[in-house]
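Participant:
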Amino acid sequence: MSTPPRARPSARLHALQSALRSEGVDAALVGAGADLLYFTGLDLPLTRRLVLLTVPARGEPVLVLPHFEAAGADVAGVRLRRVADGEDAMASVLDILPVGPESVLAAAADLPAHVLLEIDRRARVGRWRDAEEFTGPIRLVKDSHEVAALAEAALLADTSIREALATGVAGHSEREIARRVGRRLRANGFDAASVTTLVAAAAHAADLRHRMSDEPIGAGLPVLVDLTARHRGYYADVTRTVHTGVPDGDVGAAFRCVQRVLDASLALIRPGTAASEVERGARETFAAEGLGSHVKHRIGHGIGLELHEGPHLDAGSDTILAEGMAFSLQPGIYVDGRFGIRTEAVVVVTRTGCRLLNEVAAEPWTVT
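Just so we're aligned, residue 1 is where the sequence shown starts under the UniProt record's numbering, counting upward by one.
Below is the structure:
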């Protein structure tokens, strides 16, 4: 499995410890998943065997893991505790944790429930908190390594779509084209298990729950191609709407409306803007075009080591955008019974505005 470079794990751990101390939390518990990858650079599988990073508010973090996972798991500033088969792994954890009736522990959402239940059964924990309160704000702002990884994934995804569609769309089924896109993603280095593709032609694209068809796609139709995949730890989330021929008036007008909403959203994105303001601006632009009733989802979501993470670009978000935040923008119009048009690309906030990481066509993309 490909993994990202281990960028500044000690600095990230120190930031987490500082956040824990500021809230009077004794330790954070992190299992196999995105948080572990972020804070240590280790991409370990989730299994029944215990993998647990304990990050105390003060002192040395300790990573408890199966002995056979220990090779190559050395992380600066983290002590390894290797657990052999048959050994009581939870006893190792309880030896480390600052537990007691007054203790406060923060648990990550990706920790299996049985781990938390076992800690509660065998130790006295005063209070639990959600570790995302502390890890989330740190992960919101991407460093230069992360921005580079997101850009690489986004551009490789663009390349994969172009390569997959080069052999034709009309006369081929949605399912066949989706398989073709998936093959190109895997050939271009994306993690095979992470690849998800959706192809929906004409009215099918207006149904967000559409299941792909084996029927050939006709000529003169809009075709929505959506993909998600992970490359070196970081996700690409890309949607393109192509046309098997010259789009008719309504479809072409809808595409250009989506493009104007994308441009208007990009113009709003800069440090100090509320995430909710980007959502509001997108909906106002759709409404001004007379297409507000055909919007079915929010304008975007954060992206990084997880496909969906903060910041959330929706009406209820209280996040203020800052340099280094990264998210997808996904303006879309869905006319039931006729067509769906969506363009999705990844954006990073810069010091003075934002930067689009994908290649996005200004005019409808015509394919054969």
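The beta-carbon is built from N, C-alpha and C at its ideal position, and this holds for glycine as well. Note that the structure is a prediction, hence the values are computed from the model and not measured.
Closest to ILE15 by C-alpha separation, out of ARG338, ALA151, VAL141, ARG129, would be which residue?
Facilitator: The residue you asked about is not Ile; residue 15 is Ala in the sequence shown. Out of ARG338, ALA151, VAL141, ARG129, VAL141 has the C-alpha closest to the C-alpha of ALA15.
Participant: Taking ALA27 and PRO112 to be in contact with their CB atoms under 8 Å, please state how far apart those CB atoms are, rounded to whole angstroms.
Facilitator: Actually they are not in contact, since the Cβ atoms of ALA27 and PRO112 sit about 18 Å apart, beyond 8 Å.
Participant: For VAL246, is the classification buried or exposed, using 16 other Cβ atoms within 10 angstroms of its Cβ as the cut-off for buried?
Facilitator: exposed
Participant: Using the three-state DSSP reduction, which class does PRO9 fall into: helix, strand or coil?
Facilitator: helix
Participant: Could you tell me the distance, in whole angstroms, from the CA atom of GLY59 to the CA atom of GLN17?
Facilitator: 9 Å
Participant: Any chance you could list the beta strand (DSSP E) runs of at least 3 consecutive residues sitting entirely within the stretch 326-350, in chain order?
Facilitator: Scanning the stretch 326-350 for uninterrupted beta strand (DSSP E) segments of 3 residues or longer gives 326-329, 332-335, 339-342, 345-349, listed from N- to C-terminal end.
Participant: For the candidate residues ALA164, ARG139, GLY337, LEU80, whose alpha-carbon lies nearest to that of VAL251?
Facilitator: GLY337
Participant: Out of VAL75, VAL238, SER265, which has the shortest C-alpha to C-alpha gap to GLU344?
Facilitator: Looking from the CA of GLU344, the closest CA among VAL75, VAL238, SER265 belongs to VAL238.
Participant: Report yes if the CB atom of LEU53 is closer than 9 Å to the CB atom of LEU46, and no otherwise.
Facilitator: no
Participant: Quick check on DSSP: helix, strand or coil for VAL367?
Facilitator: strand
Participant: On the CB-based measure, 16 or more other CB atoms within 10 Å of its CB, does GLU363 come out buried or exposed?
Facilitator: exposed
Participant: Assuming THR135 is part of the beta strand (DSSP E), what are its boundary residues?
Facilitator: Segment 132-140 is the alpha helix (DSSP H) holding THR135; no beta strand (DSSP E) there.
Participant: Short check: CB of VAL78 to CB of PRO66, under 9 Å?
Facilitator: no
Participant: Inspect the CB distances between the stretch 198-207 and the stretch 148-167 and report whether three or more fall short of 8 Å.
Facilitator: Flag = no, the stretch 198-207 and the stretch 148-167 do not touch.
Participant: If GLY310 and GLY302 are in contact, beta carbons under 8 Å, what's the gap, nearest whole angstrom?
Facilitator: Yes, they are in contact, since the Cβ atoms of GLY310 and GLY302 sit about 5 Å apart, within 8 Å.
Participant: Under the rule that 16 or more other beta-carbon atoms within 10 Å means buried, what is ARG12, buried or exposed?
Facilitator: buried
Participant: Helix, strand or coil for LEU20? Go by DSSP, reduced to three states.
Facilitator: In this structure, LEU20 counts as helix in the three-state DSSP scheme.
Participant: DSSP three-state label for HIS67, please.
Facilitator: helix
Participant: By alpha-carbon positions, which one of ARG183, GLU289, VAL169, SER160 ends up nearest to ALA200?
Facilitator: VAL169
Participant: Using alpha carbons as the reference points, say which of GLY332, ALA229, ARG298 lies closest to GLY304.
Facilitator: Measuring from the Cα of GLY304, the nearest candidate turns out to be ALA229.
Participant: List the DSSP bridge partners of ASP237.
Facilitator: THR228
Participant: Quick check: the Cα distance between ASP274 and ALA267, rounded to an integer number of angstroms?
Facilitator: Just to set this straight, residue 274 is Ala in the shown sequence, not Asp. So the two alpha carbons sit approximately 13 Å from each other.
Participant: Would you kindly work out how many angstroms separate the C-alpha atoms of HIS231 and GLY189, rounded to a whole number?
Facilitator: 7 Å
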